[in-house]
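Chemist: Got a structure for you, questions after.
Numbering (this note's numbering), first residue to last: 48 to 277.
Here's what the structure looks like:
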């Protein structure tokens, strides 16, 4: 009885302490315009299968997209994807423009742009990112060298190759990850910040296959707490 009372008191105290930070409470609804909190990553992973809720969050955040028709079958079924036009504050453009990830990936990208990428760009370069270069989202295939299906098989992942700043400067993982300048520091800060939002974050530090990109995904296993950041 004493233990139960202590637990309840602790929970009440925790709630009062964080009443101005609802993003740090596990039972509050996710908002894409709130600062990243203790449970933001888990809430994003929980959008899997909640297509209507995910679209509503994108609408509230002003993300520009079109519904993507269900297509494919079995391991390569795509039924909660959207054609992303632009997301984040200021409408960052993706290149190539043809991109249709799963809705939970787009929700995470929205927070990632606004609260990870852009603050890092301003910190290191005094300006924002205008374009994000990617290597694709959908690829109906297993993980290289294994029999396990990749999160790319249903576009529940995206590979990020680099960034273009407002003044036209390019920052590419293949060219700048190993350098010792501000571009390398920017890329590493973006990688580290990604880990709070995506279930899996793989960088050039992981293996040679990722030398030219970040792999970001929202694997379903993250709903039970599994996450990888390398």
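Even glycine gets a Cβ: it sits at the ideal position worked out from N, Cα and C.
#1: Under a three-way DSSP split, which group does residue 122 fall into?
#2: Within a Cβ cutoff of 7 Å, which residues of the same chain sit near residue 238, ignoring the five residues on either side of it in sequence?
#3: Helix, strand or coil for residue 97 per DSSP?
#4: Compare the C-alpha of residue 81 against each of 187, 107 and 99 and name the closest.
#5: Return yes when the Cβ of residue 151 is within less than 9 Å of the Cβ of residue 101, no when it is not.
#6: Provide the residue span of the beta strand (DSSP E) that contains residue 132, from first to last.
#7: Return the chain-ordered list of same chain residues with a C-beta closer than 8 Å to the C-beta of residue 55, the five sequence neighbours on each side being excluded.
#8: Can residue 147 and residue 184 be called in contact, C-beta distance under 9 Å?
#9: What runs of the beta strand (DSSP E), each 3 residues or longer, lie entirely inside the region 175-253?
#10: Tell me residue 261's beta-bridge partners as DSSP assigns them.
#11: Going by CA-CA distance only, name the one from 115, 166 and 170 that's closest to residue 149.
#12: Okay, do the region 90-98 and the region 151-164 touch, 3+ Cβ pairs below 8 Å being the bar?
#13: Which residues in the same chain as residue 229 place their Cβ atom closer than 8 Å to its Cβ, once the five residues preceding and following it in sequence are excluded?
#14: Taking just the CA atoms, how far does residue 76 sit from residue 140?
#15: Between which two residues does the beta strand (DSSP E) containing residue 165 stretch?
#16: Relative to the alpha-carbon of residue 265, which residue among 215, 128 and 235 has its alpha-carbon at the smallest distance?
#17: In terms of alpha-carbon separation, which member of 113, 88 and 84 lies closest to residue 274?
#18: Between which two residues does the beta strand (DSSP E) carrying residue 113 extend?
#19: On a CA-only basis, which of 256, 113, 124 and 86 is nearest residue 192? Give me that one, please.
#20: Kindly give me the distance between the Cβ atoms of residue 208 and residue 252, rounded to whole angstroms, as I take these residues to be in contact under 8 Å.
#21: Counting only beta-carbon atoms, is residue 177 nearer than 9 Å to chain C?
Modeler: Working from what's here:
#1: In the structure shown, residue 122 falls within a helical segment according to DSSP collapsed to helix, strand and coil.
#2: 248, 250 and 261
#3: coil
#4: 107
#5: The answer is yes: Cβ separation under 9 Å.
#6: 129-133
#7: The predicted model places residue 55 with a pLDDT of 45, which falls under 50 and marks its position as unreliable; any figure quoted below should be read in that light. There are no such residues.
#8: yes
#9: 176-183, 204-212, 217-219 and 247-249
#10: 207
#11: 115
#12: The region 90-98 vs the region 151-164: in contact.
#13: 171 and 172
#14: 28 Å
#15: Segment 165-172 is the alpha helix (DSSP H) holding residue 165; no beta strand (DSSP E) there.
#16: 128
#17: 88
#18: 111-114
#19: Its Cα nearest to that of residue 192, the residue 256 stands out among 256, 113, 124 and 86.
#20: 16 Å between Cβ atoms; not a contact.
#21: Absent from the structure is chain C; it holds one protein chain and no more.
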